[in-house]
Amino acid sequence: MAEGAVLTAQTPAVEGKTRAGGTALAARLEALELPAGGFAAAARRDAAERLQAMGLPGARDEYWRYTDPAPFNAARPEPLAVPGREANLFDDIDRLKLVFVDGRFDAEASDDLTAEGLQIESMAQVGAGHWAETLYGVLEAEGQTPVKRPFAVLNTLVARDGLMIRVTGKVSRPVHLLYRRADAAADVVVHHVIRLEPGAELTLLETGGIGARSNTVLEVDVAEGARFHHIASKRADDARIGIGHVFARVGEGALFKSFALAVNGRVMRNEGVIHIAGNDAVAHIAAAVLGDGNEGSFHHDDTVFITHAAERCESRQVYKKVLKNGAHGIFQGKILVKPGAQKTDGYQISQGLLLDEGSQFLAKPELEIYADDVKCSHGSTTGALDETALFYLRSRGVPKEQAIVLLVLSFLADALDEIENDDLRGAILGRLDDWLTSRAAG
Amino acid sequence: MLEIKNLHVKLEDEGKQILKGVDLVVPAGEVHAIMGPNGSGKSTLSYVLSGRDGYEVTEGDATLDGESLLDMEPEARAAAGLFLAFQYPVEIPGVGNLTFLRTALNAQRKARGEEELSSAEFLKIVREKAKTLKIDGEMLKRPVNVGFSGGEKKRNEVLQMAMLEPRMCILDETDSGLDVDAMRLVADGVNALRSPERSFLVITHYQRLLDHIKPDVVHIMSAGRIIKTGGPELALEVEQNGYGDLLAEAN
Ligand SMILES: Nc1ncnc2c1ncn2[C@@H]1O[C@H](COP(=O)(O)OP(=O)(O)OP(=O)(O)O)[C@@H](O)[C@H]1O
Ligand SMILES: [Mg+2]
């Protein structure tokens, strides 16, 4: 049976008043070209049912209180001019480059997929019985409890491309997903699945403009003793409207680290859902965000949910947002410690640096703990630049604009420190510095 | 070099008058000390000279080599050769001490139309100067003043001064919080900088620093004014008798 039939035949049921109307979902689905069959057929059927039961979020949904879901609910995005191509911040890094154009894998533009310790296929190449069947839409579905994430379900349902990456060894060369845009109206849905086998290692880089609107899902299964590093960077024109999801499962003694840099955008929502399943595991997720409301508008929302379901695990959330000219920054972060997850060490910090009075940072930190021998802390601050430090720098001859750049970088330092590799941190710092310096005057 | 004329300053917020007509001239090559009771306005004077926000000059002027400082941005004053060693050095988490020093030095060089120093040149100079002040490599790498002891912060101020080579150095209680050995290091650092083209304004409460850094002139400040100016013997008098007699005399 073609899946499309299941999806478009009837108007989905609508539950409750807080959900956007069923017609919105129907219109949303109608505007999308639905993939037929493929290795993910079962997952897509399941997603269809889940989405119809769930509906799209309304403005009064608890997890959408600070971000209006309307731009994600709209049937189509507004076209967004395609920017000229710029040098990539990771150009000096030896890496395996995999290119996506308007959300479709471009094998011609990409490096050869065969690399030691790696098995990489694009979704289109994958047939039934593939290893990714056990993960595609599976980590996403598990991540729907207790908080619904309808756009991730939508993604599982309609994603037409993405990479299935299996890591079997310690891979030292980072894999770089490079997104490019060609069609100004592209409404992109991408879904990647990554499985790190026990003891394997991978660094994943992501940069570039995904589409006029983007919806991405990254499902990562980090098996026992494996190590996964993820570094993403989003530029001003990369995604004016975008929602990104990371669903991670972290096994015994494994390490998961994700860092994102976002410099502008219009409406961005990033959901990080991390399930720490094995003992002695480590999971860190961090972001440095810089928003200037003068470039259109700026609204950046990070929504994180970390579940500790094993003993002696460590989690860290470090979120820093620098906001100016009426930019809005949101952070919703939760640590859930399940019964029996003893000796959990959970840490969360979210901080907003407001460069003017019109900007706003809202944080909703949450802890929910069902084990008695745990150490969890969270903190959130919102503040302006330290005038005393600014004067100190200027009294040493540092011009005001440059002094502000230094102070902003110092504010972001904790988040940047989450990038372990010096070269990669340097590349991110370079991008940051460029952005700050070019905008120092405004 | 530095000329302060009838300087009146009030706090912008509260309108409270702090400086009530300060007159002071520090010629090139001289070391002047300012002593005075707590709250008399010594730090305020140093902040106003270096351009901190929050003060309003209601009367008078302050010039460096004949040019008024008051309309200049703090960074322009620094580039013109003014330096303030803070009474309370500021902590800047996340900015490495070396980065800070290098940024400052190169910014000043740029403002004066000089070439920036290469990384290697800079490191060589900074290591040398740090060594004489017993500042180790670890301290240079740490974020500016973060977790430094009181004495370490003061030595770090002197290191900055030594690197930036200003012509007019204001030291606001750089001796407070220093142990005897550190005081000597700091004094040696200052004395090494003494030259016919460079002047110092040393704010202190204690005669001891002035044993090491011999002042040419000592000023006594009280309630926002210089109430007495004299030679080094004035500092000894304060040390022995306190301010009582001087204040009575002024009134
Ligand atoms: N920002 C401010 N707000 C309120 N009062 C202030 C402020 N700055 C200075 N003052 C007041 O101005 C007066 C002078 O202060 P200042 O710090 O200049 O004194 P000082 O001579 O340096 O004293 P000390 O020897 O204790 O360092 C004090 O009464 C102080 O309380
Ligand atoms: Mg003082």
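Residue numbers (UniProt numbering), protein chains in the order written: chain A, 1 to 442; chain B, 1 to 251. All C-beta atoms, glycine included, are put in the ideal place defined by N, C-alpha and C. In this text, all values refer to a predicted model and were calculated from it rather than measured experimentally.
Contacts that residue i makes with chain A (C-beta to C-beta distance below 8 Å)
i	result
residue 257 of chain B	With chain B covering 1 to 251 only, the question about residue 257 of chain B has no answer from this structure.
Cβ separation of residue i and residue j, assumed to be a contact under 8 Å, to the nearest whole Å
i	j	result
A/R213	A/D183	The pair is not a contact, with the Cβ atoms about 12 Å apart (cut-off 8 Å).
residue 476 of chain A	A/I231	Outside the shown range of chain A (1 to 442) lies residue 476 of chain A, about which nothing can therefore be said.
A/K334	A/E368	7 Å
A/V273	A/K321	Going by Cβ atoms, the distance from A/V273 to A/K321 rounds to 20 Å, so no, they are not a contact pair.
A/G162	A/V138	The pair is not a contact, with the Cβ atoms about 14 Å apart (cut-off 8 Å).
B/S40	B/A223	6 Å
B/V186	B/H32	Actually they do not touch by this definition, with Cβ atoms about 17 Å apart.
A/S410	B/G94	3 Å
A/G278	A/A248	Rounded, the Cβ-Cβ distance is 12 Å, inconsistent with contact.
Inter-residue spacing [alpha-carbon to alpha-carbon] between residue i and residue j
i	j	result
A/L7	A/D61	Confidence at A/L7 is low in this model, with a pLDDT of 38, below 50, so the placement of that residue is unreliable and no value is reported for it.
A/A325	B/A62	Note that residue 325 of chain A is Asn in the sequence shown, not Ala. If I take the Cα positions, the gap works out to 37 Å.
B/E212	B/S195	Position check: residue 212 of chain B holds His in this sequence, whereas Glu was assumed. For B/H212 and B/S195, the distance between alpha carbons rounds to 16 Å.
A/A223	A/T203	15 Å
B/K110	A/F305	48 Å
A/L412	B/A85	28 Å
A/K17	A/K97	At A/K17, the pLDDT of 34 sits below 50, so the modelled position is not reliable; the number obtained from the coordinates is stated separately. About 46 Å.
B/M161	B/P74	16 Å
A/R45	A/G430	44 Å
A/A281	B/F100	37 Å
B/G177	B/H205	12 Å
B/V144	B/E12	29 Å
A/I390	B/N156	Here residue 390 of chain A turns out to be Leu, not Ile, going by the sequence shown. Distance between the alpha carbons of A/L390 and B/N156 is about 18 Å.
B/D179	B/S43	22 Å
A/F90	A/Y136	29 Å
A/D422	A/V405	20 Å
B/Y243	B/T229	13 Å
B/Y55	B/L234	30 Å
A/L205	A/R95	9 Å
B/A28	B/R112	20 Å
A/E201	A/F105	23 Å
B/N6	B/L49	13 Å
A/R269	A/R166	27 Å
B/S46	B/N106	24 Å
A/P174	A/E33	32 Å
B/M183	B/V26	24 Å
Residues that residue i contacts on chain B, provided the C-beta gap is smaller than 9 Å
i	result
A/K400	E73, P74 and E75
A/F259	Per Cβ cutoff of 9 Å: no residues; A/F259 is ~16 Å from chain B at best.
A/G413	Contrary to the premise, residue 413 of chain A reads as Ala rather than Gly in this sequence. Correct list: P93, G94, V95 and P143.
Where residue i meets chain B, residues with beta-carbon distance less than 7 Å
i	result
A/G379	In chain order: nothing, as chain B lies at least about 15 Å away.
A/L406	V95 and T103
Below-8 Å beta-carbon distance, residue i vs any chain E residue
i	result
B/I92	Reference to chain E is not applicable here, since the protein chains of this structure are A and B.
Proximity winner among the options, relative to residue i (alpha-carbon distances)
i	options	result
A/A48	A/S110, A/F151 and A/H130	A/F151
residue 460 of chain A	A/N88, A/V171 and A/R28	Any answer about residue 460 of chain A is impossible in this case: the structure gives chain A only from 1 up to 442.
A/G293	A/G329, A/G211 and A/A109	A/G329
A/C376	A/T382, A/L385, A/A384 and A/E366	A/E366
B/L171	B/L247, B/K154 and B/I203	B/I203
A/A42	A/L118, A/A141 and A/L353	A/A141
A/V267	A/D68, A/V398 and A/A27	A/D68
A/A327	A/L205, A/V318, A/V263 and A/K148	A/V263
A/G297	A/L196, A/P77, A/G265 and A/E133	The question names Gly, but residue 297 of chain A is Ser in the sequence shown. Looking at the Cα atoms, A/G265 is the closest of the given residues.
A/V147	A/V398, A/Q332, A/L196 and A/N73	A/Q332
B/A130	B/I18, B/G147, B/K154 and B/A107	B/K154
A/W64	A/T303, A/Q342 and A/F361	A/T303
A/D221	A/H229, A/G251 and A/P79	A/G251
Contact list for residue i against chain A, beta-carbon separation under 7 Å
i	result
B/L84	S395
B/Q87	Per Cβ cutoff of 7 Å: no residues; B/Q87 is ~12 Å from chain A at best.
B/A130	Chain A residues near B/A130: none, gap ~16 Å exceeds 7 Å.
B/A111	G397
B/A107	G397, V398, P399 and Q402
Closer than 8 Å at the beta carbon, the chain B residues around residue i
i	result
A/S410	I92, P93, G94, V95 and P143
Amino acids of chain A, ordered along the chain, whose beta-carbon sits closer than 9 Å to that of residue i
i	result
B/A78	R394, S395, R396, G397 and V398
Closer than 7 Å: residue i CB and nearest ligand 4 heavy atom
i	result
B/G29	For the structure depicted, ligand 4 is absent and the ligand set comprises only ligand 1 and ligand 2.
Discussion item. Which residues of the stretch 337 to 355 of chain A have a Cβ closer than 8 Å to any Cβ of chain B? Give them in chain order.
Written reply: So nothing in the stretch comes that close.
Item to complete: Check each residue of the stretch 27 to 59 of chain B: if its Cβ is closer than 9 Å to any Cβ of chain A, include it; give the result in chain order.
Response: With the criterion set as a beta carbon lying under 9 Å from some beta carbon of chain A, the members of the stretch 27 to 59 of chain B are Y47, S50, G51, R52, D53 and G54, in sequence order.
Worksheet entry | Selection of the stretch 190 to 215 of chain B by Cβ proximity to chain A, strictly under 8 Å | Residues of the stretch 190 to 215 of chain B that bring their beta carbon within less than 8 Å of a beta carbon in chain A are absent altogether.
Item to complete: Using a Cβ-Cβ cut-off of less than 8 Å, list which residues of the stretch 154 to 176 of chain B approach chain A; keep chain order.
Response: Residues passing the 8 Å Cβ filter: Q160 and L164.
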